[in-house]
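2 protein chains.
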Amino acid sequence: MTTQRRLILASLDALDTHPTAEELHAIAVQQDPSLNLSTVYRTLRWLEQEGLVSTRRFDEPRRQDRFDPMLPSQHHHFICKSCKNVIEFDLPALGDIQQDFEHLHQVRIESASVVFYGLCTACNRQNGPVESEAERELSQRT
Amino acid sequence: MTTQRRLILASLDALDTHPTAEELHAIAVQQDPSLNLSTVYRTLRWLEQEGLVSTRRFDEPRRQDRFDPMLPSQHHHFICKSCKNVIEFDLPALGDIQQDFEHLHQVRIESASVVFYGLCTACNRQNGPVESEAERELSQRT
DNA sequence: ATATTTATTGCAAATCATTTGCAGTAATAC
DNA sequence: GTATTACTGCAAATGATTTGCAATAAATAT
Numbered sequence: 482m483t484t485q486r487r488l489i490l491a492s493l494d495a496l497d498t499h500p501t502a503e504e505l506h507a508i509a510v511q512q513d514p515s516l517n518l519s520t521v522y523r524t525l526r527w528l529e530q531e532g533l534v535s536t537r538r539f540d541e542p543r544r545q546d547r548f549d550p551m552l553p554s555q556h557h558h559f560i561c562k563s564c565k566n567v568i569e570f571d572l573p574a575l576g577d578i579q580q581d582f583e584h585l586h587q588v589r590i591e592s593a594s595v596v597f598y599g600l601c602t603a604c605n606r607q608n609g610p611v612e613s614e615a616e617r618e619l620s621q622r623t
Numbered sequence: 482m483t484t485q486r487r488l489i490l491a492s493l494d495a496l497d498t499h500p501t502a503e504e505l506h507a508i509a510v511q512q513d514p515s516l517n518l519s520t521v522y523r524t525l526r527w528l529e530q531e532g533l534v535s536t537r538r539f540d541e542p543r544r545q546d547r548f549d550p551m552l553p554s555q556h557h558h559f560i561c562k563s564c565k566n567v568i569e570f571d572l573p574a575l576g577d578i579q580q581d582f583e584h585l586h587q588v589r590i591e592s593a594s595v596v597f598y599g600l601c602t603a604c605n606r607q608n609g610p611v612e613s614e615a616e617r618e619l620s621q622r623t
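Protein chains in written order, with this note's numbering: chain A, 482 to 623; chain B, 482 to 623.
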């Protein structure tokens with residue numbers, strides 16, 4: 482437990498978002514201007530191994546990891562394709578689904594991730610439905 | 482519709498896995514040795530825009546995209562953390578869950594991704610349960 | 001069919017998030 | 001306090017993906 486790790490943890494806990502390593506660094510560096518981005522990455526990966534943080538790879542234009550402080554209860558995400566806002570939610574129904582799956586396929590599930598992509602209330606009003614276009618060309622696909 | 486795109490599509494359809502761009506290129510290049518990896522990427526991104534392929538970012542050591550030919554019915558994935566094998570499955574129950582969520586939060590869901598991580602039957606036998614370790618240090622976290 | 005316009009390719013170089021080697025420094029054990 | 005070990009900052013390496021550009025192939029108009 483070093484000063485830097487403590488700071489990074491504190492910054493992470495202060496946020497209620499899913500920051501990228503860069504975002505987290507930008508916040509923590511305000512307290513310790515010499516804090517390096519590699520240290521943030523190293524700490525995040527360490528926390529991940531300890532099971533205290535999980536890495537999320539939401540589909541985004543930038544192909545950047547986002548880090549999610551792992552709460553006791555598993556939670557899931559809705560992501561607005563337009564404004565990238567995130568809604569977190571629980572999914573109690575998932576427990577049964579997982580169990581069924583485990584029995585059916587004889588596997589052990591350790592974690593689950595559910596992500597919904599769509600448009601949030603605000604963006605839904607602005608964005609009209611999108612027209613698909615070149616599907617014709619490809620109609621020979623099975 | 483060029484020769485290259487047709488070839489890439491054919492190679493993708495021939496596979497029943499979720500190849501990386503590299504893997505797909507390796508296969509397609511057997512038919513056309515001059516086929517370039519950038520063309521594979523460009524074609525894949527084009528298909529993605531057309532809604533015919535979706536990009537999956539499973540958590541893996543290598544931070545590589547995997548490409549999934551989009552079938553009419555949405556399907557989901559179980560990934561073995563040890564051998565990385567994938568089991569695909571449908572989840573009819575998800576429809577209702579999505580609808581409930583849409584009403585509750587007044588949003589529009591366009592797509593959903595469910596991923597289970599765990600151990601497959603074979604790997605489950607070999608790997609013992611893992612011991613967590615430094616949680617003590619961090620017990621002051623909320 | 002042929003000429004012209006437009007889209008796509010191959011290649012090499014650029015990008016950008018993330019990782020790593022290493023020398024210096026802080027933390028912990030003795 | 002000194003020794004051992006782990007962690008940090010920095011700069012450079014890595015590796016997947018993207019992009020500029022000149023050459024080429026496809027689509028379109030003639």
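Glycine included, every Cβ here is placed at the ideal spot set by N, Cα and C.
The structure displayed is predicted, hence computed values, not measured ones.
Within 10 angstroms of its Cβ, does residue i collect 16 or more other Cβ (buried), or is it exposed?
{"i": "B:L525", "result": "buried"}
{"i": "A:C601", "result": "buried"}
{"i": "A:G576", "result": "exposed"}
{"i": "A:R547", "result": "buried"}
{"i": "B:L490", "result": "buried"}
{"i": "B:A615", "result": "Because the pLDDT at B:A615 is just 35, under 50, the model does not fix this residue reliably, and the point stays unresolved."}
{"i": "A:E612", "result": "At A:E612 the pLDDT is 38, less than 50, meaning the model places this residue with poor confidence; the figure from the coordinates comes in the next sentence. Burial call: exposed."}
{"i": "A:R538", "result": "buried"}
{"i": "A:P573", "result": "exposed"}
{"i": "A:L552", "result": "exposed"}
{"i": "A:L585", "result": "exposed"}
{"i": "B:C564", "result": "exposed"}
{"i": "A:Q621", "result": "Because the pLDDT at A:Q621 is just 33, under 50, the model does not fix this residue reliably, and the point stays unresolved."}
{"i": "A:L528", "result": "buried"}
{"i": "B:S492", "result": "buried"}
{"i": "B:L496", "result": "exposed"}
Which chain B residues are close to residue i, counting only those with a beta carbon under 9 Å from its beta carbon?
{"i": "A:N605", "result": "Q587, V588, R589"}
{"i": "A:Q555", "result": "Within 9 Å Cβ-Cβ: nothing; A:Q555 doesn't reach chain B, min ~11 Å."}
{"i": "A:S594", "result": "D540, S594, V595, V596, F597, Y598"}
Look up residue i in the DSSP assignment and say whether it is helix, strand or coil.
{"i": "B:V521", "result": "helix"}
{"i": "A:P610", "result": "The pLDDT assigned to A:P610 is 46, lower than 50, so where the model puts this residue is not dependable; a value taken from the coordinates is nonetheless given after this. Coil."}
{"i": "A:A593", "result": "strand"}
{"i": "B:A615", "result": "Summary for B:A615: the model assigns pLDDT 35, below 50, so the residue's position carries little reliability; its value from the coordinates is reported in the next sentence. Three-state DSSP puts B:A615 in coil, outside helix and strand."}
{"i": "B:F570", "result": "strand"}
{"i": "A:F631", "result": "Outside the shown range of chain A, which is 482 to 623, sits residue 631 of chain A, and nothing can be said about it."}
{"i": "B:H584", "result": "helix"}
{"i": "B:C604", "result": "helix"}
{"i": "B:H506", "result": "helix"}
{"i": "B:T501", "result": "strand"}
{"i": "A:S620", "result": "Residue placement at A:S620 cannot be trusted, given a pLDDT of 36 that sits under 50; the coordinates are not used to answer."}
{"i": "A:S492", "result": "helix"}
{"i": "A:Q512", "result": "coil"}
{"i": "A:T484", "result": "helix"}
{"i": "B:R526", "result": "helix"}
{"i": "B:Q555", "result": "coil"}
Which residues of chain B have a Cβ atom closer than 7 Å to the Cβ of residue i, listed in chain order?
{"i": "A:Q545", "result": "Residues of chain B passing the Cβ test: none, with the nearest at roughly 10 Å."}
{"i": "A:T602", "result": "Q587, V588"}
Just the chain A side, please: which residues come within less than 7 Å of residue i by C-beta, in chain order?
{"i": "B:G707", "result": "Here chain B has residues from 482 to 623 only, and residue 707 of chain B is not among them."}
Pull up the CB-CB distance for residue i and residue j, whole angstroms please, since I reckon it's below 8 Å.
{"i": "B:P550", "j": "B:D494", "result": "6 Å"}
{"i": "B:S592", "j": "A:Y598", "result": "5 Å"}
{"i": "A:N517", "j": "B:R589", "result": "Going by Cβ atoms, the distance from A:N517 to B:R589 rounds to 42 Å, so no, they are not a contact pair."}
{"i": "A:V521", "j": "A:H499", "result": "Contact flag wrong, Cβ pair sits at about 15 Å."}
{"i": "A:V595", "j": "A:H557", "result": "4 Å"}
{"i": "B:D540", "j": "B:S554", "result": "25 Å between Cβ atoms; not a contact."}
{"i": "A:F559", "j": "A:I568", "result": "4 Å"}
{"i": "A:T484", "j": "A:Q545", "result": "About 26 Å; that fails the 8 Å criterion."}
Whose Cβ in chain A lies nearer than 8 Å to the Cβ of residue i?
{"i": "B:A574", "result": "A574, I578"}
{"i": "B:T536", "result": "D540"}
{"i": "B:L501", "result": "For the record, residue 501 of chain B in the displayed sequence is Thr; it is not Leu. Here the premise fails: no neighbours, minimum Cβ distance about 14 Å."}
{"i": "B:K565", "result": "Neighbours of B:K565 on chain A: none; closest Cβ ~13 Å, over 8 Å."}
{"i": "B:F582", "result": "F559, F570, F597"}
Looking at the strands, I want to know which residues DSSP matches up with residue i.
{"i": "A:C561", "result": "A:G599"}
{"i": "A:D549", "result": "A:S535"}
Would you say the beta carbon of residue i is closer than 7 Å to some non-hydrogen atom of the ligand HEM?
{"i": "A:F582", "result": "As for the ligand HEM, it is missing from this structure, which has no ligand bound."}
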